[in-house]
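K.L.:
In this note's numbering, the protein residues as written are 802 to 879.
Glycine residues also receive a C-beta, built at the ideal position from the N, C-alpha and C atoms.
(1) Within the continuous beta strand (DSSP E) that includes residue 857, where are the two ends?
(2) Return the first residue and the last residue of the beta strand (DSSP E) that residue 805 is part of.
(3) Compare the beta carbon distance of residue 871 and residue 848 with 9 Å and say whether it is the shorter of the two.
(4) Taking residue 837 as part of the beta strand (DSSP E), name the residues at either end of that continuous run.
(5) Look at the Cβ atom of residue 824, then the Cβ atom of residue 845, and state whether they are nearer than 9 Å.
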């Protein structure tokens, strides 16, 4: 699954991942491979990525929007 995490200033991350946990407006949720298409707003919190080699990365955001479609995820974060 491909993810791009973008802010107005720069691209925070771009690459292949195994899963991602996001701070949704109504609570944290996880997206895995072949997830149904989704668009959701995000609140302040951390994005947690797990890559295929099991390494983990986190990014602090102040809100934003996520779109998942055909195993491509785009996060527009503040």
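P.N.:
In brief:
(1) The residue labelled residue 857 in the question sits at position 56 within the chain shown. Residue 857 -> beta strand (DSSP E) spans 857 to 870.
(2) The residue you call residue 805 lines up with position 4 of the chain shown. DSSP places residue 805 in the uninterrupted beta strand (DSSP E) bounded by 803 to 807.
(3) By one-based count along the chain shown, residue 871 stands at place 70. By one-based count along the chain shown, residue 848 stands at place 47. Cβ distance not < 9 Å, so residue 871 and residue 848 don't count as in contact.
(4) The residue given as residue 837 occupies position 36 in the chain shown. Segment: none, residue 837 is in no beta strand (DSSP E) and carries neither H nor E.
(5) Translated into the one-based positions of the chain shown, residue 824 becomes position 23. Translated into the one-based positions of the chain shown, residue 845 becomes position 44. Result yes, Cβ atoms of residue 824 and residue 845 sit closer than 9 Å.
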